[in-house]
Amino acid sequence: MNSKAFIVRYGELALKGKNRPYFERQLEKNIAQKIGKFGQFGIRRLPCRILIEFSNIVDWESFKNSISNVFGYSSASPVILVPPTLGDLEKAAVEMARAISIKSFAVRVKRGDKGFPLTSPEIARVIGAGIAASTGAPVDLSTPAVVFNVEVLKDMILVSTEEIKGRGGLPTGVSGRLLSLISGGIDSPVASWMMMKRGAIVDFVHFHSSPFTDRRSIEKVLDLVEVLSDWQGGFRIALVPFGRLQEKIVMAVPSSMRIVIYRRFMMRIASRLAERFGADGLVTGEALGQVASQTLKNIMVVDEAATLPVFRPLIGCDKQEITDIAREIGTYEISILPHKDCCTFLEPRHPVLAAKKQDVSCIEETLPIEDMLEEALREVEVREGGD
Numbered sequence: 177m178n179s180k181a182f183i184v185r186y187g188e189l190a191l192k193g194k195n196r197p198y199f200e201r202q203l204e205k206n207i208a209q210k211i212g213k214f215g216q217f218g219i220r221r222l223p224c225r226i227l228i229e230f231s232n233i234v235d236w237e238s239f240k241n242s243i244s245n246v247f248g249y250s251s252a253s254p255v256i257l258v259p260p261t262l263g264d265l266e267k268a269a270v271e272m273a274r275a276i277s278i279k280s281f282a283v284r285v286k287r288g289d290k291g292f293p294l295t296s297p298e299i300a301r302v303i304g305a306g307i308a309a310s311t312g313a314p315v316d317l318s319t320p321a322v323v324f325n326v327e328v329l330k331d332m333i334l335v336s337t338e339e340i341k342g343r344g345g346l347p348t349g350v351s352g353r354l355l356s357l358i359s360g361g362i363d364s365p366v367a368s369w370m371m372m373k374r375g376a377i378v379d380f381v382h383f384h385s386s387p388f389t390d391r392r393s394i395e396k397v398l399d400l401v402e403v404l405s406d407w408q409g410g411f412r413i414a415l416v417p418f419g420r421l422q423e424k425i426v427m428a429v430p431s432s433m434r435i436v437i438y439r440r441f442m443m444r445i446a447s448r449l450a451e452r453f454g455a456d457g458l459v460t461g462e463a464l465g466q467v468a469s470q471t472l473k474n475i476m477v478v479d480e481a482a483t484l485p486v487f488r489p490l491i492g493c494d495k496q497e498i499t500d501i502a503r504e505i506g507t508y509e510i511s512i513l514p515h516k517d518c519c520t521f522l523e524p525r526h527p528v529l530a531a532k533k534q535d536v537s538c539i540e541e542t543l544p545i546e547d548m549l550e551e552a553l554r555e556v557e558v559r560e561g562g563d
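Numbering (the numbering used here), first residue to last: 177 to 563.
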């Protein structure tokens, strides 16, 4: 149903307390950025929802596609705005029913204005009788082909027959900024997306082994962050050459400990880049026990090298759950393209499963850590893109 007006209903936002206006403003801002192309509009706050009114008719398919990647709402509908009288409501509902082909229908009423002279069931019976008499379609309360949703407010009545589910979560921008360590695999893009869903703006850092491997891993990651950028309105990514640093680690570190040392250097570099970007934490795609570097002991040792909190939203997920989300958000097909990333370059055959802090400390005492970090940071390339 094309319309001049649309309702966007809150999800988790409705549970917020005194700071709810802050979340509402951010949601309104994020939606406005997506729908401005459709014409002039105004936004009005109603209880647990916002009403968007355009000066022109807007195509519903285009509208819902535009807001499909916005976090922070539970559902949205095109609506007809009706004066708050039973006669106006019945007239509008009958006109809507005539405009669409219906085999059966039901009327669901929510009466926000308890001062309205009829109860919700009484309103539903009157409107249902009018639609049935006008169209000949039967009422079916169990499996109706069309549902007429009626919301009675003090100064207006909203009528809709269509609804899409939102992504839920919190509006992007309400939870600060994070830096995500993103590879070309399946997991880290999903982890990034999950933190976006919790309201964080996510920047990215990618460690690559160029010139020792080709640049396909970089191109692949840029494709991934381009997809993810549609969920938050743009991206910023730091590309870190890691190959020469890996060479130095290979020359000085026993093979079984190299993955842990690699990861500790990544955490150090990411922490410094996060501070440069104004981020308050790091994100990784680790899931407990999925690979050798993701055992509990190894995660604890790796975390010690970070100077900021490390968020792991996938920590309790299995691979199928992660893959399902990757398919849903559009990153899976890119992630499965073949490439050689820095974790497979010079990868040891038998990595340690339970690294000990004292062993790691002894190894790192032999390395010029600060010089290695500064060399890698000097060669960082930062790119920005998206909306």
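From the three backbone atoms N, C-alpha and C, an ideal C-beta is built for every residue, glycine too.
As the structure is a computational prediction, the values presented were derived from the model and not from experiment.
Where residue i falls, given that 16 or more other Cβ within 10 Å makes a residue buried
i      : result
Gly561 : exposed
Ser359 : buried
Cys538 : exposed
Arg225 : buried
Ala300 : buried
Assigned secondary structure, residue i (DSSP; H/G/I helix, E/B strand, else coil)
i      : result
Val528 : coil
Pro254 : strand
Arg220 : strand
Ala482 : coil
Ile123 : Residue numbering for the chain in the displayed model covers 177 to 563; residue 123 lies beyond these limits and cannot be assessed.
Val426 : helix
Leu472 : helix
Lys180 : strand
Leu568 : No statement about residue 568 is possible, as the shown extent of the chain runs from 177 to 563 and does not include it.
Ser231 : strand
Ile226 : strand
Val536 : helix
Phe463 : The sequence shown places Ala at residue 463, rather than the Phe named in the question. Three-state DSSP puts Ala463 in coil, outside helix and strand.
Pro417 : strand
Arg561 : It should be pointed out that residue 561 corresponds to Gly in this sequence rather than to Arg. It is a strand residue.
Nearest-angstrom Cα separation, counted from residue j out to residue i
i      : j      : result
Pro557 : Pro417 : Contrary to the premise, residue 557 reads as Glu rather than Pro in this sequence. In a straight line, the C-alpha of Glu557 is about 9 angstroms away from that of Pro417.
Gln209 : Asp379 : 19 angstroms
Gln408 : Val246 : 8 angstroms
Asn474 : Gly342 : 38 angstroms
Ala482 : Met372 : 21 angstroms
Met332 : Lys194 : 26 angstroms
Gly248 : Leu189 : 7 angstroms
Ala531 : Gln466 : 16 angstroms
Arg420 : Ser385 : 8 angstroms
Ala552 : Glu451 : 16 angstroms
Lys330 : Pro254 : 20 angstroms
Ile256 : Leu317 : 22 angstroms
Val459 : Pro485 : 9 angstroms
Glu338 : Ala321 : 11 angstroms
Gly375 : Ser368 : 11 angstroms
Thr311 : Glu402 : 48 angstroms
Val270 : Ile303 : 8 angstroms
Ser432 : Glu550 : 25 angstroms
Thr542 : Ala428 : 8 angstroms
Glu200 : Ser351 : 13 angstroms
Gly345 : Gly187 : 8 angstroms
Lys180 : Val234 : 6 angstroms
Asp456 : Gly291 : 49 angstroms
Lys286 : Glu298 : 11 angstroms
Glu204 : Arg185 : 12 angstroms
Thr258 : Val397 : The sequence given here places Val at residue 258; Thr does not occur at that position. Rounded to whole angstroms, Val258 to Val397 spans 49 angstroms at the Cα level.
Thr499 : Leu513 : 14 angstroms
Ala268 : Pro293 : 19 angstroms
Ala282 : Ala273 : 11 angstroms
Residues near residue i in its chain [Cβ-Cβ closer than 6 angstroms; skip 5 each side]
i      : result
Arg412 : Asp379, Glu560
Trp236 : Met177, Asn178, Pro254
Ile211 : Ser242
Ile228 : Phe182, Phe217, Ile219
Arg448 : none
Ala414 : Val381, Leu449, Val556, Val558
Phe230 : Lys180, Gly215, Phe217
Residues near residue i in its chain [Cβ-Cβ closer than 7 angstroms; skip 5 each side]
i      : result
Pro365 : Ile358, Leu400, Leu404, Ala502, Thr507, Ser511
Arg439 : Ser469, Val478
Gln202 : Pro347, Gly349, Val350
Ile445 : Val416, Leu549, Ala552, Leu553
Asp363 : Gly461, Ala463, Leu490, Ile498
Any non-hydrogen atom of the ligand FMN closer than 7 angstroms to residue i Cβ
i      : result
Ile333 : The model depicted lacks the ligand FMN and carries no ligand whatsoever.
Other residues of its chain near residue i: CB distance less than 8 angstroms, five sequence neighbours each side excluded
i      : result
Met370 : Pro489, Leu490, Ile501
Val436 : Ser469, Asn474, Val477, Val478, Pro527, Val528, Ala531, Val536
Val540 : Residue identity differs from the one stated: residue 540 is Glu in this sequence, not Val. Contacts found: Ile437, Arg440.
Met548 : Leu421, Lys424, Phe441
Gly492 : Ala463, Leu464
Ser280 : Ala313, Pro314, Val315, Asp316, Thr319, Pro320, Ala321, Val322
Gly288 : Pro223, Glu327, Val328, Leu329, Lys330
Can you list the alpha helix (DSSP H) stretches of 4 or more residues lying completely in the stretch 318–382, in chain order? 363–373
Hey, which unbroken runs of the beta strand (DSSP E) at 3 residues or more fall wholly within the stretch 257–317? 281–287
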